[in-house]
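Take the sequence shown: its position 137, counted from the start at 1, is 166 in our numbering, and no numbers get skipped.
Note that beta-carbon positions come from the ideal geometry of N, C-alpha and C, so glycine has one too.
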Amino acid sequence: MVILLNIDDLGFEKNITIKLDDALIIVDMQNDFVPGGSLPVEEGDQIVSRINSIAELFRKNKAFIILTQDWHPKEHLSFASNHPGMSPGDEYQTGAIGPVLWPDHCVQNTYGSGFHEDLKKEYAHAIIRKGYHPEIDSYSGFIENDKKSETGLAGFLNSLKIKRIFICGLALDYCCYFTAIDGIDFGFEVYFLVNLTKGIDLPPGNISSSLEDMKNKGIKFVSKESFV
Ligand code: VGL
Ligand code: ZN
């Protein structure tokens, strides 16, 4: 029997104060990932105002705020439309593309790749783009799926002597998950704002297994109540 891990079973950190060398990483809060977009995450729009409140807290405490932006050329090989006969959601794993194919999304310079209009993007100190190589997908904000092409995020954080990163945004089980896991591998202390993310859950069960992996990896879970 598979025991599914739920958000309520995670156990949240307590008494966290935001420090100057902390960073909030807001992952892929873009129009294509919210209802109405081409790769909508269910209820993805419902976390925007709460992400803004957390961003406000980081800003007040003079901590850093970084946005990531999925930024694909239209010939990107993660799009089912670039594989004759394939459909979005089909399983596909070759090199740095997969495990499934996606609908066209976050195409450079389109409305869909823009940030949600309510997001306080003016608070951001940096915007890290990823997924711009046609043959490489990038779920992580740190390194693309070939595990070689870095985005520069680790360098940015290290040069500012940032130790702890707090992750929120879309989607829980793809870009947030891989950013969190790689954050540990790049030597950061990683906190996951699970209630400020929403998941795709493809293939089914993916959210639960992502949560379990993150817990096993030593990632800490935080909620709004974790902060003092
Ligand atoms: C994402 C699938 C494809 C994400 C990006 O932001 O989670 N998911 N590209
Ligand atoms: Zn993408």
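Item                                                                                                                    : Value
Three-way DSSP call (helix, strand, coil) for Thr139 in this model                                                      : coil
Three-way DSSP call (helix, strand, coil) for Thr180 in this model                                                      : coil
Per-residue DSSP class, three states only, for Asp51                                                                    : strand
Gln264 vs Ile156 beta-carbon contact at 8 angstroms                                                                     : With the chain covering 30 to 257 only, the question about residue 264 has no answer from this structure.
Among Asp202, Ala183, His145 and Ser239, nearest to Ile76 - alpha-carbon criterion                                      : His145
Element boundaries [alpha helix (DSSP H), containing Thr208]                                                            : Tyr206 to Asp214
Beta-carbon proximity of Val56 to Ile172, cut-off 8 angstroms                                                           : no
Check whether Ser2 and His134 have beta carbons under 8 angstroms apart                                                 : Limits of the chain in this structure are 30 at one end and 257 at the other, which puts residue 2 out of reach.
Residues whose Cβ lies closer than 7 angstroms to any heavy atom of the ligand ZN, in chain order                       : Asp99, His101, Ser107, Trp131, His134, Cys135, Gly160 and Asp166
Other residues of its chain near Ala209: CB distance less than 7 angstroms, five sequence neighbours each side excluded : Ile196, Val219, Phe221, Met243 and Ile248
Distance between Leu34 and Gly181 (C-alpha atoms, nearest Å)                                                            : 33 angstroms
Supposed contact pair Pro117 and Ala125 - C-beta distance, whole angstroms, cut 8 angstroms                             : Their Cβ separation, rounded to whole angstroms, is 18 angstroms, which puts Ala125 and Pro117 out of contact at 8 angstroms.
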